[in-house]
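Worksheet: one structure, shown below.
There are 2 protein chains.
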Amino acid sequence: MREEMPRAVTTICNALQEQIEHGLLPPGSKLPAERKLSEVFDTTRITLREALVQLEARGLIYREERRGWFISPPRLAYDLMRRSHFHAMVQAQGRVPATQVISARLQPASAVICGLLQLPALSSVIQICRARRIDERLVLYVEHYLNPEYFPQILELDLNQSLTELYARHYDIRYGQVRFEMVPTALPVEAAGALKVSIGSPGLRIARVNHDQRGRLIDCDLEYWRHDAIHVSAVVADI
Amino acid sequence: MREEMPRAVTTICNALQEQIEHGLLPPGSKLPAERKLSEVFDTTRITLREALVQLEARGLIYREERRGWFISPPRLAYDLMRRSHFHAMVQAQGRVPATQVISARLQPASAVICGLLQLPALSSVIQICRARRIDERLVLYVEHYLNPEYFPQILELDLNQSLTELYARHYDIRYGQVRFEMVPTALPVEAAGALKVSIGSPGLRIARVNHDQRGRLIDCDLEYWRHDAIHVSAVVADI
DNA sequence: TTACCTATCTGGACTAGACCAGCGCTATTT
DNA sequence: AAATAGCGCTGGTCTAGTCCAGATAGGTAA
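Chain order of the listed sequences is A and B.
To convert, note that position 66 of the first sequence is 66 in our numbering; the numbers rise steadily by one, no gaps.
To convert, note that position 148 of the second sequence is 148 in our numbering; the numbers rise steadily by one, no gaps.
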């Protein structure tokens, strides 16, 4: 009869998880340095890091490139049915949104985008790349691709605000049918860079293809979320 | 002017990804042993492993516990709107489904399940745990929790088939409103064990709360998918 | 033929270090 | 007071191994 001895990684995970769940380490607070922690748990930094990566996978902690490890705040509820735009959604949940434009320009459409927007080959599209925060924390990198036909001069407007509101105010365009595609995957380099996370961090890719109130295919978004930042919900009736 | 030298891990990832995408390593085929690969890329096993874990995060490869690394097959399309049961969905996409019952019994409901099914404290529920395969590969671990009031004697039926069909045939119950909740997270131990993956592998948790055609809350499922096995889609009109 | 045993191969887990690059604070300079 | 240069600390990346346990396949005995 021998005792079941759990792996070191598991032991560390459980210890940290317990501390987090009992509120000793509040959301947003910083963990001690990896070297400190590896001393505390009497193990190698490699082993300790493996435990941290696990907790990251569970969504309990996250890292900021070369700054340290932090306790994850609660996930944002993302309801596919009661969709509103980012700012409204975040504020409705009592949190503080922020948006920052990374780039915005007219450019040749890639094959993928031509497909999504049903444009002929060699079309031009308006690409808008933005990074978005909840309570200061970078959580979302989005690439918007707009059919330029419907949005003349949009590049001259302030794109730090909600596109949904710009559409309504300047173009009288509102969202009608929307198609979502969700894929759990690693963040690609552009997204990882914009969100200041190490490349290859787990993420959730949500692609949206949007029609307007008149059924025209107006734009699509590629959203890359930190995987621990949201939980998606949907209510479907009468399948 | 110095050359930008990419990290070893990135180099390995790109090399393998290129081989995979050009079909030299077809879906389901096995990669060489880690030790072999680390020789091929002239690096440590630890570094090589890090690259493999990255490709796993991207969903390009997966591992089977102590058996090796394999190329991931295409993702299953999981449409929230046009929902059918697992077997029908898999077959409709030209693939071969299989289900295996792990356990099925009447037991006291946990607090979480009481909440989801709106049952009073200390209620009993029928728990059915199953593992499901696509083309032989284990991809999904599900825990079903049924309100026993609506499903007398169900434990005496063959639970390897579709529950949806059992409901219809024996109880005249069909799904009406369904609520989905999706959270990217690491697979918990039960799921990892059932799917024979190493604990802490990335996964997608989909919780469903199901009403029947008469609006009664009949059951809920906790689905744990291998994160690289599905992509979820939904079409929403008139937001 | 069948059942079992065993050697070998695989991934899983871990040790004990090293060097580098970016962040942030401090002390200096302007 | 503001700009800057320096430096220490942090995570990021990598080396070169070890030991262990499950999976597999080949051979041996019933």
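Note that beta-carbon positions come from the ideal geometry of N, C-alpha and C, so glycine has one too.
- Message: Does A:Met182 come out as helix, strand or coil in the three-state DSSP assignment?
- Response: strand
- Query: Do you know how far the Cα of B:Ala194 is from the Cα of B:Arg226?
  - Reply: 11 Å
- Query: Since B:Phe86 meets chain A, which of its residues come closer than 8 Å, beta carbon to beta carbon?
  - Reply: Ordered by position in chain A, no residue passes the 8 Å Cβ test against B:Phe86, which lies about 14 Å from the chain.
- Between the stretch 216-234 of chain A and the stretch 70-80 of chain A, do at least 3 Cβ pairs fall closer than 8 Å? yes
- Query: If contact means a Cβ-Cβ distance below 7 Å, which residues of the stretch 182-209 of chain B contact chain A?
  - Reply: Met182, Val183, Pro184, Thr185, Ala186, Gly200, Pro202, Leu204
- Message: Measuring straight from C-alpha to C-alpha, what distance separates B:Ala191 and B:Gln54?
- Response: 21 Å
- Coil, strand or helix - B:Val197 by DSSP: coil
- Message: Which residues of the stretch 41-68 of chain A have a Cβ closer than 7 Å to any Cβ of chain B? Give them in chain order.
- Response: Gln54, Ala57, Arg58, Gly59
- For A:Ala104, the first and last residue of its enclosing alpha helix (DSSP H): Where A:Ala104 is concerned, there is no enclosing alpha helix (DSSP H), although the beta strand (DSSP E) it sits in stretches over 97-108.
- Task: State buried or exposed for B:Arg35, treating a residue as buried only when at least 16 other CB atoms are found within 10 Å of its CB.
- Result: exposed
- Item | Counted within 10 angstroms of its Cβ, other Cβ atoms place B:Ala109 as buried (16 or more) or exposed | buried
- Query: Can a CB atom of chain A be found closer than 8 Å to the CB of B:Leu37?
  - Reply: no
- Query: Taking just the CA atoms, how far does B:Ile128 sit from B:Gln153?
  - Reply: 13 Å
- Message: Would you say A:Phe180 lies against chain B (beta-carbon separation less than 8 Å)?
- Response: yes
- Note down the Cα distance separating B:Asp42 from B:Ile61, rounded to an integer number of angstroms. 21 Å
- Are the C-beta atoms of A:Ser110 and some chain B residue less than 8 Å apart? no
- Shortest alpha-carbon distance to A:Trp69 belongs to which of A:Leu25, A:Leu187, A:Tyr141? A:Leu25
- Message: Rounded to whole angstroms, what is the Cα-Cα separation between A:Glu21 and B:Gln107?
- Response: 27 Å
- Task: With 8 Å as the threshold, decide whether the Cβ of B:Ser233 is near any Cβ in chain A.
- Result: yes
- Hey, is B:Met89's beta-carbon within less than 8 Å of any beta-carbon in chain A? no
- Residues of the stretch 210-228 of chain A with Cβ closer than 8 Å to any Cβ of chain B, in chain order: His227, Asp228
- Task: Indicate whether at least one CB of chain B lies closer than 8 Å to the CB of A:Gln127.
- Result: no
- 9 Å Cβ cut-off: residues of chain B touching A:Ala237: Gly176, Gln177, Val178, His211
- Under a three-way DSSP split, which group does B:Arg75 fall into? coil
- Query: Under three-state DSSP, which class holds B:Asn14?
  - Reply: helix
- Exposed unless 16 or more other CB atoms sit within 10 angstroms - verdict on A:Ile46: exposed
- How about A:Ile218 and A:Tyr150: do their beta carbons lie closer than 8 Å? yes
- According to the Cβ coordinates, are A:Arg137 and A:Pro73 closer than 8 Å? yes
- Query: Would you call the CB atoms of A:Glu223 and A:Leu117 closer than 8 Å?
  - Reply: no
- Query: What runs of the alpha helix (DSSP H), each 4 residues or longer, lie entirely inside the stretch 24-98 of chain A?
  - Reply: 34-40, 45-58, 86-92
- Message: I'd like to know whether the C-beta of B:Glu18 is nearer than 8 Å to at least one C-beta of chain A.
- Response: no
- Message: At the 8 Å Cβ level, is A:Leu80 part of the contact set with chain B, yes or no?
- Response: yes
- Item | Chain-ordered chain B contacts of A:Arg277 [CB-CB under 9 Å] | Residue coverage of chain A in this structure runs from 1 to 239, which leaves residue 277 of chain A outside it and unanswerable.
- Message: What does the alpha-carbon distance come out to for the pair A:Pro184 and A:Arg214?
- Response: 32 Å
- For the beta strand (DSSP E) containing A:Tyr224, list its first residue and its last residue. 217-226
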